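In my numbering, the protein residues as written are 95 to 299.
Data first, discussion second: the structure below is written as structure tokens.
Written as structure tokens, this is what we have:
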């Protein structure tokens, strides 16, 4: 009887150890998967959102730049893109015509020259450069800068499709369309080299 109990105890220990190893392996596998999908700060590395070309939305802020995005994940997305508007990725640097940066042109406090948390998860502070700006602010920027040709570079690959959809909806109004929004729509098409057929194709993808 003593031998039988010892044997059962031994087998139980083996089973428990095996179960623990399996659980540990599963936890490690989960951590590895999460590390592949998120940064060390827990921000997603991938997204299902689309850019103005109908392709996967790219990062707006990259290495050496301050981290942008309404959700601070580096992309021009919000928690509800249908009601949000931080969708345009642009360079905030000074424009040649006035020597003013985006903040100065749009008459905001000058956070454009600040340093903020870096996009590469380092503990350093990085300069604000490419940034996700509101659709209305982008429209105002074009007007105050002196037109589409006067503004800084737009990162089309990192500009959310939702901006294109919202601008197009306003531009299609037969009466009462906001001319600044219409101009923003045309500017986005011009800078991203999109014609009406491209826009429709991208939206339907």
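Heads up, the beta-carbon is just placed ideally off N, CA and C, and yes, glycines get one too.
Keep in mind that this is a model prediction, so the values were computed, not measured.
{"Query": "In its own chain, which residues sit with a C-beta less than 8 angstroms from the C-beta of residue 191, not counting the 5 before and 5 after it?", "Result": "239, 240, 244"}
{"Query": "Less than 9 angstroms between the beta carbons of residue 284 and residue 185, yes or no?", "Result": "no"}
{"Query": "Starting from residue 225, follow the beta strand (DSSP E) in both directions and report where the run begins and ends.", "Result": "224–228"}
{"Query": "Answer with yes or no whether the minimum CB distance from residue 260 to chain C is below 9 angstroms.", "Result": "You won't find chain C in this structure, because it holds only one protein chain."}
{"Query": "Between residue 161 and residue 213, which are expected to be in contact by the criterion C-beta below 8 angstroms, what is the C-beta distance as a whole number of angstroms?", "Result": "4 angstroms"}
{"Query": "Straight-line CA distance for residue 189 to residue 195?", "Result": "6 angstroms"}
{"Query": "Would you mind giving the Cβ-Cβ distance between residue 252 and residue 229, rounded to the nearest angstrom? I have them listed as a contact below 8 angstroms.", "Result": "Actually they are not in contact, since the Cβ atoms of residue 252 and residue 229 sit about 15 angstroms apart, beyond 8 angstroms."}
{"Query": "Would residue 227 and residue 281 qualify as a contact pair, given that the criterion is a beta-carbon distance under 9 angstroms?", "Result": "no"}
{"Query": "So the candidates are 294, 250, 234; which of them puts its Cα closest to the Cα of residue 275?", "Result": "234"}
{"Query": "With a cut-off of 8 angstroms on the beta carbons, I'd call residue 220 and residue 209 a contact; round off their distance for me.", "Result": "6 angstroms"}
{"Query": "Can you grab the Cα-Cα spacing for the pair residue 141 / residue 147, in whole Å?", "Result": "15 angstroms"}
{"Query": "List the whole-angstrom C-beta distance separating residue 169 from residue 143, where the pair is believed to meet the contact cut-off of C-beta under 8 angstroms.", "Result": "7 angstroms"}
{"Query": "Among the residues of its own chain, which have a CB less than 8 angstroms from the CB of residue 259, if the five just before and after it don't count?", "Result": "297"}
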